[in-house]
Ligand SMILES: O=C(O)CCC(=O)C(=O)O
Ligand SMILES: [Fe+2]
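Numbering (full-length UniProt numbering), first residue to last: 1 to 340.
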């Protein structure tokens, strides 16, 4: 494992303050900055998204309350056994995200899942009234108000995705239709909001490699917006392919964004899906215990049934299409089944 540099400057900051309704030259400029970050690093910090900080803080507070419940209460909303139905509560060690080198074949997945378990618990939420997969909620009296708060936060993230993020990416990539191109493929909010809790633990079990927080992986779909608390531990491979990881340290008032494998494929590998991992935060070892950490990723997925071919402008005679068209559903299911 290479040394981790503490610099955060390798990950650019994109400021959405002047994005407005996406029609101004400033909005196009923001899109260009975003696409540059996604081509070069695959990660960016976002500032001034318009997502109220109070709403983010409130969601962290709900997360804290949820994970403090006794395990019997949390298990009243169990994650279904099917790997692709990402809803409800998963206990420590249940999921193992792995970066699989070649194909997603079951033998390889099983072998990797036997390795160091990810030391975390999670609660997954999707849009309400989804005909394909329903939310798995706790009985309302166990944590009154949680459903409403989580559903509202899901909708807030989706609004930012549709009104700013996807228009900015579309503008930056100069896709046909101005800022509207990518949004048309994300109308159904097939996304996933995940509350994550990494419990406190003795530093030595991390040092001995018995446990990890999240091992190095890439995300599957279009991209991820991640809210993190102030503990730290998220690291991003930079430069890509170097094996060197830099800390994506918490910057107050920002969210971290990264491109997923599906958008990398869709863009003919123009935008980069970059390895990242969560380690024990720096400096904590001295105290004997690694602090608990909370984070909230919002995973953006395209509408499942649309056939997706290489994005316009990402291929030509000199740079042919590398991949066959595929539906987002088929691609994402294959990846989700491999992690659970
Ligand atoms: O908790 C974090 O900071 C990162 C989580 C992550 O990478 C994931 O859930 O895919
Ligand atoms: Fe991730």
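Don't be surprised by glycine CBs; every beta carbon is placed ideally from N, CA and C.
Fair warning: this is a prediction, and the values are worked out from it, not measured in the lab.
- Distances between the C-beta of residue 219 and the heavy atoms of ligand 1 include at least one below 7 Å.
- For the 8 Å CB-CB criterion, residue 83 and residue 121 do not form a contact.
- In the structure shown, residue 119 adopts coil according to DSSP, grouped into three states.
- The three-state reading of DSSP puts residue 225 in strand, counting E and B together.
- Taking residue 315 as the centre and dropping the five residues before and after it, the same chain places the C-beta of 268 and 321 closer than 6 Å to its C-beta, in chain order.
- With contact defined as three or more Cβ pairs closer than 8 Å, the segment 159-171 and the segment 14-31 are in contact.
- Within the segment 160-246, complete beta strand (DSSP E) segments of at least 3 residues are found at 192-198, 214-217, 223-228 and 234-237, given in chain order.
- Within the same chain, 294 come within 7 Å of residue 64 by CB-CB distance, once the 5 residues on both sides are set aside.
- With contacts defined by Cβ atoms closer than 8 Å, residue 234 and residue 290 do not form a contacting pair.
- Looking only at 272, 219, 307 and 198, the smallest Cα-Cα distance to residue 212 is reached by 198.
- When the beta-carbon positions are compared, residue 298 and residue 193 come within less than 8 Å of each other.
- Within the same chain, 304, 305, 306, 307 and 308 come within 8 Å of residue 327 by CB-CB distance, once the 5 residues on both sides are set aside.
- Just measuring C-alpha positions, the residue of 133, 132 and 149 sitting nearest residue 140 is 149.
- Exclusion of the five residues before and after residue 87 leaves 79, 80, 124, 125, 126, 133, 134, 135 and 136 as the residues of its chain whose Cβ lies within less than 8 Å of its Cβ.
- Around residue 201, the same chain offers 290 as residues with beta carbons nearer than 6 Å, after the five sequence neighbours per side are excluded.
- Judged by DSSP secondary structure, residue 28 falls within the alpha helix (DSSP H) whose first and last residues are 25-40.
- The segment 149-164 makes no contact with the segment 257-272: fewer than 3 CB pairs, one atom from each, lie closer than 8 Å.
- Under the DSSP assignment, residue 60 falls outside any beta strand (DSSP E), being part of the alpha helix (DSSP H) whose first and last residues are 53-68.
- Residue 223 and residue 257 do touch by the CB rule: their CB atoms are close to 6 Å apart, below 8 Å.
- When distances are taken from the beta-carbon of residue 319 to the heavy atoms of ligand 2, even the shortest one reaches 7 Å or more.
- Counting the other Cβ atoms within 10 Å of the Cβ of residue 18 gives fewer than 16, which makes it exposed.
- Taken through DSSP and simplified to helix, strand or coil, residue 263 comes out as helix.
- In this structure, residue 176 lies away from residue 281, with their beta-carbon atoms at least 8 Å apart.
- Beta-bridge analysis with DSSP links residue 335 to no other residue.
- With fewer than 16 other CB atoms across the displayed protein chains lying within 10 angstroms of its CB, residue 184 is exposed.
- Collapsing the DSSP output to three states places residue 329 in a helix.
- In this structure, residue 55 and residue 153 form a Cβ contact; the two beta carbons are roughly 6 Å apart against a cut-off of 8 Å.
- Restricting attention to 275, 251, 21 and 240, the CA atom closest to the CA of residue 215 is found in 275.
- Bounds of any alpha helix (DSSP H) do not take in residue 300; it lies within the beta strand (DSSP E) bounded by 293-300.
- For residue 86, the shortest C-beta to heavy atom distance toward ligand 2 is 7 Å or greater.
- Secondary structure note for residue 13: its beta strand (DSSP E) is the uninterrupted segment 13-15.
- Of 324, 301, 317 and 325, the smallest CA-CA separation from residue 332 is found for 301.
- The alpha-carbon separation between residue 146 and residue 130 amounts to approximately 19 Å.
- Buried is the label assigned to residue 237, since at least 16 other Cβ atoms lie within 10 Å of its Cβ.
- Nearest to residue 143 by alpha-carbon distance, out of 72, 167, 66 and 219, is 66.
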